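Residue numbers (the working numbering): 1 to 221.
From the three backbone atoms N, C-alpha and C, an ideal C-beta is built for every residue, glycine too.
These figures come from a predicted structure and were not determined experimentally.
One structure is given below, encoded as structure tokens.
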Ligand SMILES: [Zn+2]
Ligand SMILES: [Zn+2]
């Protein structure tokens, strides 16, 4: 670049641009270049701020039930238990109603057998066949009381499960991708370098600025 073809500073559009920023490729005058570096320094402070927050979060011990995935499991558990409780209540109500109805019918049948037995005894009118028949009828009534034959609990073998099973899936491909991005590639390395510089202190930018400007000026002359 010759001294006759002067390029304006892209920031103030007034002074001559003497230094080019490799990052944004803009040309700056001496004053604006310092301001530009200061602006970048502020942006880096923001990166460091986010970095420090993430560091704190990483160093914090895993609080039980604080992660949203754990909350997701808790939510699934709650919804599933609510479903079970609701269905259990409904079925319980149905069974109580059917048991009451069954007991009424059995009581009615029992009364009839009871009358026949009493009449047989009172009239002395019975033999082995009657005794056997009454015994069988009593046993049937007792069985019916314990294990009703006209209603039961059945498992619903529907195709889509009423409560969806959940499982934890680990995606090894995605994990590898994240690791690669943070350890290789130009952008990743630059970010890491910037962070380490910032951790050493943002003042370390000043000598770097002067060095860059000196280099550009000597190039120009
Ligand atoms: Zn300028
Ligand atoms: Zn720049």
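Other residues of its chain near residue i: CB distance less than 8 Å, five sequence neighbours each side excluded
i, result
"residue 145", "102, 103, 106"
"residue 111", "none"
"residue 228", "The structure shown does not extend to residue 228, since the chain spans only 1 to 221, so no value can be given for it."
Residue of the options minimising C-alpha distance to residue i
i, options, result
"residue 98", "153, 162, 158", "153"
"residue 132", "7, 113, 148", "113"
"residue 162", "35, 80, 148, 8", "80"
"residue 118", "128, 134, 95, 108", "134"
Alpha-carbon to alpha-carbon, residue j and residue i
i, j, result
"residue 138", "residue 165", "47 Å"
"residue 224", "residue 124", "Only positions 1 to 221 of the chain appear in the structure, and residue 224 is not among them; the question remains open."
"residue 74", "residue 67", "11 Å"
"residue 14", "residue 57", "47 Å"
"residue 196", "residue 171", "At residue 196 the pLDDT is 33, less than 50, meaning the model places this residue with poor confidence; the figure from the coordinates comes in the next sentence. Going by the C-alpha atoms only, they are around 31 Å apart."
"residue 72", "residue 85", "20 Å"
"residue 173", "residue 48", "29 Å"
"residue 28", "residue 38", "13 Å"
"residue 91", "residue 100", "14 Å"
"residue 185", "residue 160", "Low local confidence applies: a pLDDT of 43 at residue 185 is under 50, so the model's placement there is unreliable, with the coordinate-based value given in what follows. In a straight line, the C-alpha of residue 185 is about 46 Å away from that of residue 160."
"residue 22", "residue 50", "25 Å"
"residue 151", "residue 93", "13 Å"
Within-8 Å CB hit, residue i to chain D
i, result
"residue 144", "Annotation note: the requested chain D is absent from the structure, which comprises a single protein chain."
Spatial neighbours of residue i in its chain, beta-carbon cut-off 6 Å, leaving aside the 5 residues before and after
i, result
"residue 6", "16"
What residues come near ligand 1, if near means a beta carbon less than 5 Å from any of its heavy atoms? 9, 11, 12, 15, 29, 32
If you measure from each CB to the nearest heavy atom of ligand 2 and keep those under 5 Å, what residues do you get, in chain order? 21, 23, 24
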